[in-house]
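Structure, as structure tokens:
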DNA sequence: TCATATATACTCAATGTTAGTCTAACTGGA
DNA sequence: TCCAGTTAGACTAACATTGAGTATATATGA
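Right, dumping it as structure tokens:
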């Protein structure tokens, strides 16, 4: 910080800095009967699995257009709904940044599509996102991996220096909700970051972060991804789990016609929690999010279900309406 | 798009691209009795006013650290609460990008501070953010500038090609809430973008965008800012207005001790709408956001008010609790 | 035909919200 | 000293929303 203030603050001074590589990565989500899926590429057996990504090129008119172009080229998908997630730039979290001692900015995007269309590339595959975050699926019961996570975190808390112990306990309680707190499904990124810091995910060791846990402890069923792509994916899941509550984005994932239960199962799959059926129906009806097509389907097993369609008009009527998961509502804590 | 897929998808390919300049800009907000303030710099009489900004440098360990360093150097403020807003990269919205035909990425951050501390730099000044967005302050009445905005937009709608007319009308209704819809205070960015597209803000002409309105129509009391800084500011206001509803961020702007009414006035100033006093008090009390200090103050005019302090514990108890402005609650639209 | 599975409708208590009114405690000026 | 003005703070009734449960309808398949 030696140069004078005024000489640095001018836009023209921006030119001379070291080259920055900008990488665009896409969390492309779809919903299948088996749960929420994310598109992952593995160009060849040597490379690690990765989200579809590519560098921002000079001819891309906007960042989003650059992302769309890369996804189209790599996977054949023509994206519909797209939103920017976050720009990451930690030097040490990116292999190629470490290798060339430069900086890589990683701009993450979230895209939602109907899975129906065929994919072009042999290298792209849909995976349940719970493959990468097995501790995030609480639909049926506590995930099988939770006890071992809890045990590791308990160890990390126990070995804390005295002054840090309480804050570690609180961080565990906040993110993983244990033992007395409820599960907050939106804190996907916060949970991942905690596991990363402790060293329970393999990429923490790969990145050379100073970890509490030994590399051997970091097995975990969770597969890791190229660079910071698992972090970007966590950001995408967090964002989507939050957004379905106040914007009608689920419908980007639904087929043109669907039943109430299909819609509920999709929301549950995304949020990783189960919902109360009658209340869910009432909410969706009450908000004017759907309308009947008149058709019914008998493929559901029992009584035939009405087929619904999304009321696109709602987007201009009340764009703020969403699905409103009950579990996240605030508990009042009266403190008179 | 000519090179083969696999050769482009590797991280090592990121190196060779054209230099990208990365600019970090800060929307630094504080609350004064006169309303919400934002820190704006004007290095010299020739330069346009700008948010504090500077390039990302190789020695910045993270993007956020780079931002903090720039703000510290330019303004003397040591930022507390900071969050990333968005990364902008439209080629034509940035003067220096046009000048050198390269790309400028603009990463915007939002920072909240107590105004109390003195500022170091002569070039930095606090301005009400409504100076840059006079149409956003609906606390007392409809802003004085609204009629002329409405008139211009009406003209833009009237001159639309037939097939586009309806969508223009809906866009106006959504963003500016007229004539029948209610005002949605969160759509700051959407409103600004509409005004930009129509050509009612001077920077649209400066950027050479193809505008409906002639340059002369774009006077508007609103002062413009360097590059896309007014867009970044709009993003920051939108984010903050949304966030006070579900996170206790207002308290970052409050002094250590404050009265209920001070808190309410601050929230109102940020949101640009007025609130119902008894309900606001009940909400804040009920959420456990504050506790009494035991002290009172008589400086408020009438009956002495109790001085409150923020309960920091709430951050670990329920980080999701916020102030919850009534005007944005959803209206039910029953459609049985 | 009956068990079973799913779809859909209805109920009810608890809780939260909206929009008010009413009272309390201070200041400053007639 | 007393009253008008001003702000603080308590209370309430009407209404809407939510959480959790139960009951009924219409399919399939043994």
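Chains as they are written, first to last, in our numbering: chain A, 1 to 336; chain B, 1 to 336.
C-beta: ideal position from N, C-alpha, C; glycine also.
(request) Compare the C-beta of residue 294/A against all C-beta atoms of chain B and say whether one is closer than 8 angstroms. (result) Taking the first residue of the first chain as position 1, residue 294/A is located at position 294. No, its Cβ sits nowhere closer than 8 angstroms to a Cβ of chain B.
(request) Output yes or no for whether 8 angstroms exceeds the beta carbon distance between residue 405/B and residue 112/B. (result) Because chain B spans 1 through 336 in this model, residue 405/B falls outside it and cannot be assessed.
(message) Check this for me: beta carbons of residue 348/B and residue 74/B, under 8 angstroms apart or not?
(response) Outside the modelled stretch of chain B, which goes from 1 to 336, sits residue 348/B, for which no answer is possible.
(message) Considering only their Cβ atoms, is the gap separating residue 50/A from residue 229/A smaller than 8 angstroms?
(response) Here residue 229/A corresponds to residue number 229 of the first chain, with the count starting at 1. Here residue 50/A corresponds to residue number 50 of the first chain, with the count starting at 1. It is a contact, given that the beta carbons lie within the stated cut-off.
(message) Here's a check: name, in chain order, each residue in its chain whose Cβ is nearer than 7 angstroms to the Cβ of residue 272/B, leaving out the five neighbours to either side.
(response) The residue labelled residue 272/B in the question sits at position 272 within the second chain. The answer, listed in chain order, is 136, 137, 138, 139, 185.
(message) Using the three-state DSSP reduction, which class does residue 264/A fall into: helix, strand or coil?
(response) Taking the first chain and counting its residues from 1, one reaches residue 264/A at position 264. In the structure shown, residue 264/A sits in a helix (DSSP, three-state: H, G or I).
(request) Following the continuous alpha helix (DSSP H) through residue 39/A, name the residue where it begins and the one where it ends. (result) Here residue 39/A refers to the residue found at position 39 when the first chain is read from its first residue. Run containing residue 39/A: none in the alpha helix (DSSP H); it sits in the beta strand (DSSP E), 35 to 41.
(request) Report the rounded CA-to-CA distance for residue 188/A versus residue 258/A, giving the unit in angstroms. (result) Counted from its first residue, the first chain places residue 188/A at position 188. Counted from its first residue, the first chain places residue 258/A at position 258. Separation of residue 188/A and residue 258/A (C-alpha to C-alpha, rounded to the nearest whole angstrom) is 28 angstroms.
(request) Determine the direct distance from the alpha carbon of residue 25/A to that of residue 55/A, and round the result to whole angstroms. (result) Looking up residue 55/A in the first chain gives position 55. Looking up residue 25/A in the first chain gives position 25. If I take the Cα positions, the gap works out to 9 angstroms.
(request) Identify, in the order they occur along the chain, each residue of the same chain with its Cβ nearer than 6 angstroms to the Cβ of residue 2/A, setting aside the five sequence neighbours on each side. (result) Along the first chain, read from residue 1 onward, the residue named residue 2/A stands at position 2. Any reading at residue 2/A must be qualified, since the residue scores a pLDDT of 38, below 50, and its modelled position is unreliable; the value itself is stated next. Same-chain partners within the cutoff: there are none.
(request) Could you work out which residue in 254/B, 122/B, 303/B, 83/B is closest to residue 33/B when comparing CA atoms only? (result) As a first step, residue 33/B must be located in the second chain, where it is residue number 33. Cα-wise, what sits closest to residue 33/B is 254/B.
(request) Starting from residue 19/B, find everything on chain A with Cβ-Cβ shorter than 7 angstroms and list it in chain order. (result) For the purposes of this step, residue 19/B is taken as residue 19 along the second chain, with counting starting at 1. Ordered by position in chain A, the residues that pass the 7 angstroms Cβ test against residue 19/B are 19.
(message) Quick check on this structure: which residue in 68/A, 214/A, 201/A has the alpha carbon closest to the alpha carbon of residue 133/A?
(response) In the first chain, residue 133/A corresponds to position 133, counting from 1. The option with the nearest alpha carbon to residue 133/A is 201/A.
(request) Could you work out which residues of chain B lie near residue 22/A, taking near to mean beta carbons separated by less than 7 angstroms? (result) Your numbering for residue 22/A matches position 22 in the first chain. Neighbours of residue 22/A on chain B, chain order: 20, 105.
(request) Verify the CB distance criterion: does residue 86/B have a CB-CB separation below 8 angstroms to chain A? (result) On the second chain, residue 86/B is found 86 positions in, with the first residue counted as 1. For residue 86/B, the answer is yes, since a Cβ of chain A falls inside 8 angstroms of its Cβ.
(message) Going by DSSP in three states, residue 278/A sits in which element: helix, strand or coil?
(response) Reading the first chain from its first residue, position 278 is the one you call residue 278/A. The three-state reading of DSSP puts residue 278/A in helix, counting H, G and I together.
(message) Any beta carbon from chain B within less than 8 angstroms of residue 195/A's own beta carbon?
(response) Position 195 of the first chain holds residue 195/A. Output row for residue 195/A: interface = no.
(request) Let me know the secondary structure DSSP gives residue 108/B once reduced to three states. (result) Taking the first residue of the second chain as 1, we reach residue 108/B at position 108. Collapsing the DSSP output to three states places residue 108/B in a strand.
(request) Count the other CB atoms, across all protein chains shown, that sit within 10 Å of the CB of residue 81/B; report buried if there are 16 or more and exposed otherwise. (result) Here the question's residue 81/B lines up with position 81 in the second chain. Result: exposed.
(message) Please identify the residue among 59/B, 276/B, 304/B, 52/B whose C-alpha is closest to the C-alpha of residue 78/B.
(response) Here residue 78/B refers to the residue found at position 78 when the second chain is read from its first residue. The candidate whose alpha carbon is nearest that of residue 78/B is 52/B.
(request) Could you spell out the range, first to last residue, of the beta strand (DSSP E) harbouring residue 224/A? (result) Taking the first residue of the first chain as position 1, residue 224/A is located at position 224. Unbroken run through residue 224/A: none, as it is neither H nor E.
(message) Please classify residue 44/A as buried or exposed, where buried requires at least 16 other C-beta atoms within 10 Å of its C-beta.
(response) In the first chain, counting from the first residue as 1, residue 44/A sits at position 44. By the neighbour-count rule (16 or more Cβ atoms within 10 Å), residue 44/A is not buried but exposed.
(request) Using the Cα positions of residue 237/B and residue 107/B, report the straight-line distance between them to the nearest angstrom. (result) As a first step, residue 237/B is located in the second chain; it is residue number 237 there, counting from the start. As a first step, residue 107/B is located in the second chain; it is residue number 107 there, counting from the start. Roughly 15 angstroms between the two C-alpha positions.
(message) Within a Cβ cutoff of 7 angstroms, which residues of the same chain sit near residue 297/B, ignoring the five residues on either side of it in sequence?
(response) Translated into positions along the second chain, residue 297/B becomes position 297. Around residue 297/B, the same chain offers 259, 304, 305, 307 as residues with beta carbons nearer than 7 angstroms, after the five sequence neighbours per side are excluded.
(request) Specify whether the stretch 55 to 74 of chain A and the stretch 146 to 159 of chain A touch according to this definition: at least 3 beta carbon pairs, one from each stretch, less than 8 angstroms apart. (result) no
(message) In whole angstroms, give me the CA-to-CA distance for residue 196/A and residue 267/A.
(response) Start at 1 with the first residue of the first chain, and residue 196/A comes out as number 196. Start at 1 with the first residue of the first chain, and residue 267/A comes out as number 267. Roughly 27 angstroms separates the two Cα atoms.
(message) Helix, strand or coil, according to DSSP, for residue 152/B in the structure here?
(response) The count along the second chain starts at 1 and reaches residue 152/B at position 152. DSSP places residue 152/B in helix when its eight states are reduced to three.
(message) Can you check which of these residues, 212/B, 288/B, 169/B, 276/B, is closest to residue 310/B by C-alpha distance?
(response) Stepping through the second chain from its first residue, residue 310/B is reached at position 310. It is 288/B.
(message) Please classify residue 168/A as buried or exposed, where buried requires at least 16 neighbouring CB atoms within 10 angstroms.
(response) The residue labelled residue 168/A in the question sits at position 168 within the first chain. Looking at its Cβ environment, which holds 16 or more other Cβ atoms inside 10 Å, residue 168/A is buried.
(message) Please report the straight-line C-alpha distance between residue 88/B and residue 302/B, rounded to a whole angstrom.
(response) Counting from one through the second chain, the residue named residue 88/B turns up at place 88. Counting from one through the second chain, the residue named residue 302/B turns up at place 302. Between residue 88/B and residue 302/B, the C-alpha separation is close to 48 angstroms.
(message) As a quick exercise: from 143/B, 27/B, 103/B, pick the residue whose alpha carbon is nearest that of residue 19/B.
(response) As a first step, residue 19/B is located in the second chain; it is residue number 19 there, counting from the start. When 143/B, 27/B, 103/B are compared, the shortest CA-CA separation from residue 19/B is found for 103/B.
(message) For a test of the three-state rule: what should DSSP assign to residue 231/B, helix, strand or coil?
(response) Residue 231/B sits at position 231 when you count from the first residue of the second chain. The DSSP-derived three-state label of residue 231/B is helix.
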